[in-house]
């Protein structure tokens, strides 16, 4: 027993010594690892800082692009636009969350139905194809009030603005109809009940082609004896009318209400107004504590970012390779005549756009009327009689109806 105990004692001692050596070896290895880590730490720190800088830079570069695309989507198809509904309100959804905007669209469209219901004027429902893109544009054709007793009455086109439809131009039907004109009014692509690809507005990039198609439809189908034509548009419809008028030799007379001269400039101004001032045209959307805070914060947004957003919007519209109106108008045929109308209270499209177009077109081609206290696309409501008188005076001088009594 004594020998066994001594043997166990020696074995335990040896185990303790081995454990001690193993512990010392581990401590030594840890010290060596720590020393190695300390030597490599500067290199690792540099790599971490370098990677972090790269990731930060990527985020800085990508964030404006992502935000710009989100904002551009709102510019192309704002809350009032919805080209997916199947009824006549396609292209327009009244935004109940913003009473002031709802009031504007209520006033513009909701109480307009069609020429028969609103004015007692008969019309034909028509559609005509785009000549290249395989879409149909739908609208109304209204014959002259004198069509039963006269022949040869000429036709003009009415072109509505962005995010609304042909009903916005019903306000111009009665006095033009009574003056003896035939009228073609229609929904531009992606608006109203015309075909499209739910891309929203393009500020004339695509819509001016719709005016060209409408003109050809009149000259080739509705009134083939007519060789000249007048076009009348408001806002985006005015820009589209001007662009088409510059390109189409048969368009001789243009009435353009509150047009913009350059879509990139217009986009920048609209985005700046919406982001920094919290406004949609004349309406203030930031009359709340949260809105005020957002407005203050967004005033810190740099100008280059607003320009970048405007660029992205125009890119998505397909407009980078399409000339601006202020570039095109310098090449207009001097025989054509333009009547520019703008309101000095227009907060949606500032008046300086029309003043620039007048200067570029020249006094021989263009005539400008500034409506005092006139707001965007509401100019006829300031003084209806004066507005109608000025428009008809311009048309009678440059695009008379040419109605001839059938008895003769």
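In the working numbering, the protein residues as written are 12 to 419. Just so you know, even glycine gets a beta-carbon here, dropped at the ideal spot from N, CA and C.
* Could you give the DSSP three-state label for residue 113: helix, strand or coil? => Start at 1 with the first residue of the chain shown, and residue 113 comes out as number 102. Residue placement at residue 113 is poorly supported in this model, since its pLDDT is 47, which falls under 50; the coordinates are not used for a value here.
* **Three-state class that DSSP yields for residue 138 in the structure shown** => Your numbering for residue 138 matches position 127 in the chain shown. Three-state DSSP puts residue 138 in a strand.
* **beta strand (DSSP E) runs wholly inside the region 357-391, at least 3 long, in chain order** => 377-382
* Paired residues, beta bridge with residue 194 - DSSP -> In the chain shown, counting from the first residue as 1, residue 194 sits at position 183. In the DSSP output, where bridge partners are listed per residue, residue 194 has 153, 167.
* In this structure, does DSSP put residue 159 in helix, strand or coil? -> Start at 1 with the first residue of the chain shown, and residue 159 comes out as number 148. DSSP places residue 159 in coil when its eight states are reduced to three.
* Asked: Are the Cβ atoms of residue 237 and residue 327 separated by less than 8 Å?
  -> Position 226 of the chain shown, counting from 1, holds the residue named residue 237. Position 316 of the chain shown, counting from 1, holds the residue named residue 327. Not closer than 8 Å, so no.
* Thinking residue 190 and residue 403 are a contact (beta carbons under 8 Å), I'd like their distance in whole angstroms, please. => For this step, residue 190 is matched to residue 179 along the chain shown. For this step, residue 403 is matched to residue 392 along the chain shown. About 6 Å separates the CB atoms of residue 190 and residue 403; that is less than 8 Å, so the two are in contact.
* Asked: Roughly how many angstroms separate the alpha carbons of residue 362 and residue 349, rounded to a whole number?
  -> The sequence position of residue 362 within the chain shown is 351, counting from 1. The sequence position of residue 349 within the chain shown is 338, counting from 1. Between the C-alpha atoms of residue 362 and residue 349 there is a straight-line separation of about 16 Å.
* Whose C-alpha, out of 354, 240, 179, is nearest the C-alpha of residue 407? -> The residue given as residue 407 occupies position 396 in the chain shown. It is 240 whose Cα lies nearest to the Cα of residue 407.
* If you check the beta carbons only, do residue 382 and residue 352 fall under 8 Å apart? -> Taking the chain shown and counting its residues from 1, the one referred to as residue 382 is at position 371. Taking the chain shown and counting its residues from 1, the one referred to as residue 352 is at position 341. Contact flag set, yes.
* What do you reckon, are the CB atoms on residue 273 and residue 336 nearer than 8 Å? -> Here residue 273 refers to the residue found at position 262 when the chain shown is read from its first residue. Here residue 336 refers to the residue found at position 325 when the chain shown is read from its first residue. The answer is yes: Cβ separation under 8 Å.
* Cutoff 7 Å; reference residue 325; Cβ partners in own chain excluding five residues on either side -> Position 314 of the chain shown holds residue 325. So the list reads 274, 275, 278, 331, once near-sequence residues are dropped.
* Asked: If you follow the alpha helix (DSSP H) that residue 219 is part of, which residue opens it and which one closes it?
  -> Translated into positions along the chain shown, residue 219 becomes position 208. First-last of the alpha helix (DSSP H) with residue 219: 218-228.
* Relative to the alpha-carbon of residue 205, which residue among 354, 137, 242 has its alpha-carbon at the smallest distance? -> As a working mapping, residue 205 is identified with position 194 in the chain shown. Looking at the Cα atoms, 137 is the closest of the given residues.
* Put residue 349 into one of helix, strand or coil per three-state DSSP. => On the chain shown, position 338 is the one that residue 349 refers to. Note: residue 349 maps to strand in three-state DSSP.
* Hey, quick one: how far does the alpha helix (DSSP H) through residue 248 stretch, first residue to last? -> Here residue 248 is taken as the residue at index 237 of the chain shown, counted from 1. From DSSP, the alpha helix (DSSP H) with residue 248 extends over 247-258.
* Kindly list the residues whose CB is nearer than 6 Å to the CB of residue 246, restricted to its own chain and excluding five residues on each side of it in sequence; keep chain order. => Along the chain shown, read from residue 1 onward, the residue named residue 246 stands at position 235. Excluding positions up to five away in sequence, the list reads 172, 269, 388.
* So, are the CB atoms of residue 130 and residue 184 less than 8 Å apart? -> The residue labelled residue 130 in the question sits at position 119 within the chain shown. The residue labelled residue 184 in the question sits at position 173 within the chain shown. A contact, by the Cβ cut-off of 8 Å.
* Would you tell me roughly how many angstroms separate the C-alpha atoms of residue 254 and residue 405, rounded to the nearest one? => Translated into positions along the chain shown, residue 254 becomes position 243. Translated into positions along the chain shown, residue 405 becomes position 394. Those two C-alpha atoms are separated by around 20 Å.
* To do: Name the residue from 259, 187, 192, 57 whose alpha carbon lies nearest to the alpha carbon of residue 221.
  => Looking up residue 221 in the chain shown gives position 210. Nearest C-alpha to residue 221 among 259, 187, 192, 57: 259.
* Taking DSSP as the reference, what is the three-state secondary structure of residue 47? -> The count along the chain shown starts at 1 and reaches residue 47 at position 36. In the structure shown, residue 47 sits in a helix (DSSP, three-state: H, G or I).
* Closest by CA to residue 390, which one among 356, 169, 27? -> Mapped onto the chain shown, residue 390 falls at position 379. Residue 356 is the option with its Cα nearest to residue 390.
* In the structure shown, what three-state DSSP assignment does residue 343 receive? -> To locate residue 343, count along the chain shown from 1; it is residue 332. DSSP, reduced to helix, strand and coil, places residue 343 outside both helices and strands of the structure shown, so it counts as coil.
* Asked: Excluding sequence positions up to five away, which residues of its chain have a Cβ less than 6 Å from the Cβ of residue 180?
  -> Numbered from its first residue, the chain shown carries residue 180 at position 169. Taken in chain order, the residues that qualify are 169, 171, 196.
* Asked: Which term fits residue 29, buried or exposed, when burial requires 16 or more other beta carbons within 10 angstroms of its beta carbon?
  -> As a working mapping, residue 29 is identified with position 18 in the chain shown. Flag for residue 29 reads exposed.
* Can you grab the Cα-Cα spacing for the pair residue 198 / residue 150, in whole Å? => To locate residue 198, count along the chain shown from 1; it is residue 187. To locate residue 150, count along the chain shown from 1; it is residue 139. If I take the Cα positions, the gap works out to 6 Å.
* To do: Drop a sphere of 10 angstroms on the beta-carbon of residue 359, count the other beta-carbons inside from all chains shown, and report buried for 16 or more, exposed for fewer.
  => Taking the first residue of the chain shown as 1, we reach residue 359 at position 348. Classification of residue 359: buried, given that the 10 Å Cβ count is 16 or more.
* At which residues does the beta strand (DSSP E) containing residue 262 begin and terminate? -> Numbered from 1 along the chain shown, position 251 holds the residue referred to as residue 262. That run of the beta strand (DSSP E) goes 262-268.
* To do: Can you have a look at residue 193 and say buried or exposed, based on whether 16 or more other CB atoms are within 10 angstroms of its CB?
  => Within the chain shown, the letter at position 182 stands for residue 193. With 16 or more Cβ atoms within 10 Å of its Cβ, residue 193 is classed as buried.
* To do: Starting from residue 147, follow its DSSP beta bridges and name the residues at the other end.
  => As a first step, residue 147 must be located in the chain shown, where it is residue number 136. For residue 147, DSSP records a beta bridge to 140.
* Local Cβ density within 10 Å of residue 156, reported as buried at 16 or more and exposed below that -> Start at 1 with the first residue of the chain shown, and residue 156 comes out as number 145. Buried: at least 16 other Cβ atoms inside 10 Å.
* Going by the beta-carbon positions, is the gap between residue 161 and residue 417 smaller than 8 Å? -> The residue you call residue 161 lines up with position 150 of the chain shown. The residue you call residue 417 lines up with position 406 of the chain shown. Going by C-beta atoms, residue 161 is nearer than 8 Å to residue 417.
* With burial defined as no fewer than 16 other Cβ atoms inside 10 Å of the residue's Cβ, what is the status of residue 167: buried or exposed? -> On the chain shown, residue 167 is found 156 positions in, with the first residue counted as 1. With 16 or more Cβ atoms within 10 Å of its Cβ, residue 167 is classed as buried.
* Asked: What do you reckon, are the CB atoms on residue 347 and residue 263 nearer than 8 Å?
  -> The sequence position of residue 347 within the chain shown is 336, counting from 1. The sequence position of residue 263 within the chain shown is 252, counting from 1. For residue 347 and residue 263, yes; Cβs fall inside 8 Å.
* What whole-angstrom Cβ distance do residue 329 and residue 141 have, given they're in contact under 8 Å? -> For this step, residue 329 is matched to residue 318 along the chain shown. For this step, residue 141 is matched to residue 130 along the chain shown. Contact flag wrong, Cβ pair sits at about 15 Å.
* Among 144, 133, 315, the one whose alpha carbon lies nearest that of residue 188 -> Taking the first residue of the chain shown as 1, we reach residue 188 at position 177. It is 133 whose Cα lies nearest to the Cα of residue 188.
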